[in-house]
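Residue numbers (the numbering used here): 250 to 375.
Put into structure tokens, the structure is as follows:
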């Protein structure tokens, strides 16, 4: 795992985290002190993989040449339906998690796939 370089800013209370991979300053993660079950996290990982795979499968560069227009339309309709269904299920998953764990609804909440921790991202001051 890459180390994060830490450098003090002019204000000692501000701590700037520079990413060693891209050189950018990313938001600071603030854990919410709540963990999801491993099965719950595995479900959202699966849904996100389906969404990403469907997006990739429908990209123009990934469409086969020499296919009839009819078959191409059927293929794209099926892929878009799969993606829409997975997105709807992911939305329901987040609604369920927000309610189950009493998470804040007015800010974006994220989940760490490895630790199952819920967290928010706070912008860097600087």
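Think of the CB as a built atom: it goes at the ideal place given N, C-alpha and C, for glycine as much as any other residue. If you're wondering where the values come from, they're calculated on a predicted model, not measured in any experiment.
Q: Per DSSP, which residues does residue 338 bridge with? Please list them.
A: The residue labelled residue 338 in the question sits at position 89 within the chain shown. DSSP lists no partner for residue 338.
(Q) Output needed for residue 338: all residues of its chain with C-beta closer than 6 Å, excluding positions within five of it in sequence on either side, in chain order. (A) Counted from its first residue, the chain shown places residue 338 at position 89. Take residue 338, set aside five residues on each side of it, and the residues of its chain with a beta-carbon closer than 6 Å to its own are 296, in chain order.
**Q.** Proximity winner among 275, 331, 280, relative to residue 361 (alpha-carbon distances)
**A.** Counted from its first residue, the chain shown places residue 361 at position 112. Closest option to residue 361, Cα to Cα, is 280.
Q.
So residue 332 and residue 313 are supposed to be a Cβ contact under 8 Å. How far apart are they, rounded?
A. Reading the chain shown from its first residue, position 83 is the one you call residue 332. Reading the chain shown from its first residue, position 64 is the one you call residue 313. About 19 Å; that fails the 8 Å criterion.
Q. Using the C-alpha atoms, what's the distance from residue 348 back to residue 355?
A. Taking the first residue of the chain shown as position 1, residue 355 is located at position 106. Taking the first residue of the chain shown as position 1, residue 348 is located at position 99. Cα to Cα, the separation comes out at about 13 Å.
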